[in-house]
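Numbering (full-length UniProt numbering), first residue to last: 1 to 272.
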Amino acid sequence: MSEAGGVHAGLAARHPEVRYLRDLLRDRATRLDGNQCVAEGPRVISAALDRGAMIEAVYVADGATRAFSNLLDRLADAGVRLELLREGVLEKIGTTRSPQPLLGLIDLPAPVAVSDLQTDGCILVLCGVSDPGNFGTLLRSAEAAGAQGVISCGSGVDPWNPKVVRASAGAIFGVPLVEDGDPLEVLEMLSSRGVRALGTIARGGEAPDALNLATGVALVLGNEAHGLPEEVADLLDGSVTIPMAGVSESLNVGVAGSILLFESARQRAAAV
1 MSEAGGVHAG LAARHPEVRY LRDLLRDRAT RLDGNQCVAE GPRVISAALD
51 RGAMIEAVYV ADGATRAFSN LLDRLADAGV RLELLREGVL EKIGTTRSPQ
101 PLLGLIDLPA PVAVSDLQTD GCILVLCGVS DPGNFGTLLR SAEAAGAQGV
151 ISCGSGVDPW NPKVVRASAG AIFGVPLVED GDPLEVLEML SSRGVRALGT
201 IARGGEAPDA LNLATGVALV LGNEAHGLPE EVADLLDGSV TIPMAGVSES
251 LNVGVAGSIL LFESARQRAA AV
């Protein structure tokens, strides 16, 4: 795509916009202050566009306009500003060994409160989940399984970390996401609305198909290394354990949460 097609002259690494992108990719405070995040790569940017995200601008690597002309045309039609980056800029500001050819500057969605979530289905509560890949996977599974929202609480990873956004494959822009620091307050608010909180444990809990996971339930997942804090576990209405064959002690939190989310979806479908 030429400059006449909507991409302006290339921006250098020292350009203020490029420096801002670099800071957004690396610094949570910058994301909070600017109320914006960065989506890396054409797939995530396309997914954000499909979900109605407010995309302010997309930055295009030198030489990448032709390969992604269809997506760039869609973005231009949606009123998104397109900027060309000079050769080598992405390598200087990117967070991966092989930088993506497109970067999207996206406004964070309007804040969602616990009270905004519907409660007649399944809600996912992530209490201290710290791995960006796990968090993004769970967002993706939550959207695909029809969860009514995801609540991030405790001292976990920033949901708008670029690695989370990338791992979610754009689902972060489609599923209602609540950011609330205190897991105890979250569980108390859910309980006051008639939602049962079920925690995941490696052994000793009930099997997923023995529980009602279809309606009025919150699936509570803890930190990868430490699980759920004792004070959180004390507020749970029950616990669930995924049966496993072999000698594995437990499942990755992203895998375990995804299994439970789709079991919830299966139960809802069976009840129709």
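Backbone N, C-alpha and C define an ideal beta-carbon position, used for all residues, glycine too.
Here the structure is a predicted model, which is why all the values come from computation and not from measurement.
- Ranked by Cα distance from leucine 117, the options Ile45, Val175, Phe68, Asp27 are led by Val175.
- With a cutoff of 8 Å on beta-carbon distance, glutamate 188 and proline 159 are scored as not near each other.
- Shortest Cα-Cα distance from arginine 86 to any of Gly128, Pro183, Val60, Pro16 involves Val60.
- Assigned with DSSP and collapsed to three states, glutamine 36 falls in strand.
- Between proline 109 and phenylalanine 173 a beta carbon distance of about 7 Å is seen, short of the 8 Å cut, so the two are scored as contacting.
- Between glycine 121 and glutamine 100, the C-beta gap is not smaller than 8 Å, which leaves the two residues out of contact.
- By the neighbour-count criterion, in which 16 or more other beta carbons inside 10 Å mark a residue as buried, arginine 14 falls on the exposed side.
- Boundaries around threonine 200 are those of the beta strand (DSSP E), 196-200, since no alpha helix (DSSP H) includes it.
- Listed in chain order, the non-local C-beta contacts of leucine 260 below 8 Å within the same chain comprise Thr200, Pro208, Leu213, Leu219, Val240, Ile242, local neighbours out to five positions each way being set aside.
- Residues of the same chain with a CB within less than 8 Å of the CB of threonine 30, apart from the 5 flanking positions on each side, are Tyr20, Asp23, Leu24 in chain order.
- Within the region 85-154, the complete beta strand (DSSP E) segments at least 3 residues long are 102-107, 122-127, 149-153, listed from N- to C-terminus.
- Its chain contains Arg43, Val44, Ala47, Gly136, Arg140 as the residues whose beta carbon lies nearer than 8 Å to that of alanine 169, once the 5 sequence neighbours on both sides are disregarded; these appear in chain order.
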